[in-house]
Every structure is written in structure tokens, then in C-alpha cells.
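Be aware that the sequence shown starts at 171, since it is given in my numbering, and climbs by one per residue. Glycine is no exception: its CB is placed at the ideal position from the N, C-alpha and C atoms. Because the structure is a prediction, the values reported are computed rather than measured.
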Amino acid sequence: MPSPSPQADAVVPSVWRLVLVGVLGGLLSGMFGVGGGLIMVPLLILLTGMDQRRASATSLAAIVPTAIAGSITYFANGQVDLLAAALVAVGGIVGGWVGASLLARLPLAWLRWLFIAMLVVVAARLITSSPDRLADPVPFEAGPALGLVALGLVVGVASGLFGVGGGLIMVPAFMTLFGLGDLIARGTSLVAMIPTALSGTAKNARGGLVDLRAALVVGLAATAAAFPGVALAFLVPPAVGGWLFAALLVFAAAQLTIRAVRARRNGPST
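Have a look at this one:
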């Protein structure tokens with residue numbers, strides 16, 4: 171009788187690690203409007219031993235309930251631009267399938283370094299920006315509307331490829347390109363990423379890349395943690411929140427860089 175695979179043996183003892191991943195991701199999701207994937211992916215790699223590809227796909231699946239929970243709270247506080255979210259979602263659905271297709275084809279080494287580079291760029295953007303708390307909604311005109319759809323395409327590709335909800339792109343873009351305040355940018359980002367994450371997850375599931383049990387545990391824990399995360403968003407000043415998040419991104423990028431260097435020394439990735 172064949173013995174169970176190492177991965178199957180690791181499921182039970184890793185449950186609490188998955189809960190930890192979900193709680194941290196959910197807090198960040200609610201606080202920063204980013205879905206939580208950009209912290210879930212590194213933690214799934216570091217704490218559960220998943221590779222970049224499986225961690226990205228599993229994180230993206232866990233983001234769906236997390237984004238729903240966070241967006242409900244932001245919407246209840248009047249911090250969602252539904253029209254902007256809908257336009258971004260149009261592009262995001264298409265982009266999510268493109269990104270998920272690339273996820274199944276690109277070498278793991280490429281995925282590692284692309285993800286690390288993305289974390290560093292976003293951290294630098296958060297440090298140098300000065301977000302505003304109050305700002306007007308996006309005007310319903312042809313130019314901004316097309317810009318939001320294009321933003322959705324970029325977000326969708328990043329969502330499917332890196333396992334993040336796209337908030338790390340949307341939130342800065344909403345604030346700097348479309349003039350939204352930091353709270354409404356976060357709430358709108360969470361709403362927009364729901365269909366985007368669903369699209370990418372459907373593609374990943376068909377490809378057998380999603381660890382459904384891990385996604386369920388992480389998703390439930392993240393959903394519960396998203397509500398206090400939103401409460402923190404209203405309490406922490408915009409500048410302080412940006413610096414805190416940037417510090418977390420730098421930490422995650424450093425840890426993944428160490429693992430990428432070690433993997434390169436041990437041999438080429440597939």
C-alpha cells in the first residue's frame with residue numbers, strides 16, 4: 171500500500187499556519203484595500219512550503235471572501251465608488267484570465283523575481299506618496315472611463331499572475347491618477363477585485379493549481395480579520411498607514427529574495 175505523499179501529511183499540522191496567514195492577510199485587506207494576497211503569497215511560501223505558482227493560485231481563491239467582507243464594511247461607511255469599481259471590473263475579468271494563463275506557463279524563477287520587484291516598487295510608491303483622506307469621486311466621462319477599464323486589464327493580469335487581488339495597483343492608481351481619497355480608494359479597490367479574483371480563480375482551478383482546503387482555511391480566517399482591519403483603516407492616519415504597509419512589503423520582499431537566491435543555488439526552477 172503506497173504511503174501518503176509528504177504534501178498530504180503536511181495538511182493537518184499546517185492548519186494553524188494557514189489560519190495565521192489568513193488573519194494577517196485579512197487585516198491587511200481591510201486596512202489597505204489590497205485583498206491581502208501580497209502578504210498571503212509570501213507567507214504561504216514561507217510557512218507551508220508551497221511553491222510560487224501554487225501559493226499565488228491558492229491566495230487568489232482565498233481573496234474572494236476576504237474582499238467581499240471588507241467591501242461591505244467600506245460600503246456601509248460610504249467609502250465606495252461603485253461606478254469606478256464596475257469599470258475596473260470589466261477590464262479585470264479579461265485580465266484575470268490572461269494572468270492565470272501566464273501563471274501556468276511561466277517558469278517559477280520568473281514568477282519569484284517579478285513578484286519581488288512588484289513588492290519593492292509598491293513599497294517605494296507608498297513611502298513617497300502623500301495620500302489624501304477626502305476627495306471627489308471619479309467623473310463619469312469617456313476619458314476616465316476608458317482609463318478605468320485599462321487599469322482593470324493591468325490589475326487582472328497581476329491578479330491572475332501573482333495571486334493578489336490587484337489592490338496594490340488599484341489603490342495607488344485611484345489616488346494618483348483619478349484623485350480619490352485613500353479610504354474610498356481602498357473600498358472601491360476591494361469591490362472591483364471580487365469579479366477579478368473570481369475570474370482568475372476559475373482559470374486556476376481548471377488547471378489544478380488551487381489547494382482548495384488551504385484556500386478555504388485561509389479565506390475563512392481572512393474574512394473574520396477583514397472587519398477589524400477596516401476599523402483600523404479609519405483610525406490610522408493616511409501617512410502612517412502607508413509607511414506601515416511599505417515596511418511589511420520590504421520585509422516580504424527580503425524574505426522571498428533569500429529563498430529565490432537559495433533556489434537558484436540549488437538548481438534551475440521549472
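Environment of residue i [buried if 16+ CB atoms lie within 10 Å]
i      : result
Ala391 : buried
Asp179 : Residue confidence is low: Asp179 scores 40 on pLDDT, short of 50, so the model does not pin down where it sits. No coordinate-derived value is stated.
Ile339 : buried
Val224 : First, the amino acid is wrong: residue 224 is Arg here, not Val. Arg224 should be labelled buried.
Ala395 : buried
Arg295 : buried
Arg432 : exposed
Gly266 : buried
Arg275 : exposed
Thr298 : exposed
Gly240 : buried
Thr346 : exposed
Thr440 : Confidence at Thr440 is low in this model, with a pLDDT of 44, below 50, so the placement of that residue is unreliable and no value is reported for it.
Ala424 : exposed
Phe344 : buried
Leu289 : buried
Pro212 : buried
Pro176 : Confidence is the limiting factor: at Pro176 the pLDDT is only 42, short of 50, which leaves the residue's position unreliable, though a coordinate-based value still follows. Pro176 comes out exposed.
Val410 : exposed
CB-CB length for residue i against residue j, believed under 8 Å
i      : j      : result
Gly269 : Leu331 : 4 Å
Gly389 : Ser359 : That belief does not hold up - the Cβ atoms of Gly389 and Ser359 are roughly 18 Å apart, past 8 Å.
Val204 : Leu198 : 6 Å
Val250 : Gly322 : Rounded, the Cβ-Cβ distance is 16 Å, inconsistent with contact.
Tyr244 : Val400 : 6 Å
Arg429 : Ala279 : No, Arg429 and Ala279 are not in contact; Cβ-Cβ is about 11 Å, not under 8 Å.
Val292 : Leu419 : 6 Å
Val380 : Thr371 : 7 Å
Val427 : Gly196 : It should be pointed out that residue 427 corresponds to Thr in this sequence rather than to Val. No, Thr427 and Gly196 are not in contact; Cβ-Cβ is about 25 Å, not under 8 Å.
Ile209 : Leu230 : No, Ile209 and Leu230 are not in contact; Cβ-Cβ is about 13 Å, not under 8 Å.
N-terminal and C-terminal residue of the alpha helix (DSSP H) that residue i is part of
i      : result
Ser226 : 222-246
Arg187 : 185-202
Val420 : 408-436
Arg376 : 352-376
Ala348 : Reading off the sequence, residue 348 comes out as Phe, not Ala. Taken as a continuous stretch (DSSP letters only), Phe348 belongs to no alpha helix (DSSP H), as it is neither H nor E.
Leu382 : 382-405
Secondary structure of residue i, DSSP reduced to three states
i      : result
Asp251 : coil
Gly205 : coil
Pro277 : coil
Val319 : helix
Gly336 : coil
Gly326 : helix
Leu379 : coil
Gly269 : helix
Gly261 : helix
Gly313 : helix
The ligand HEM heavy atom lying under 7 Å from the CB of residue i
i      : result
Ala355 : With respect to the ligand HEM, the structure shown offers nothing to examine, as it has no ligands at all.
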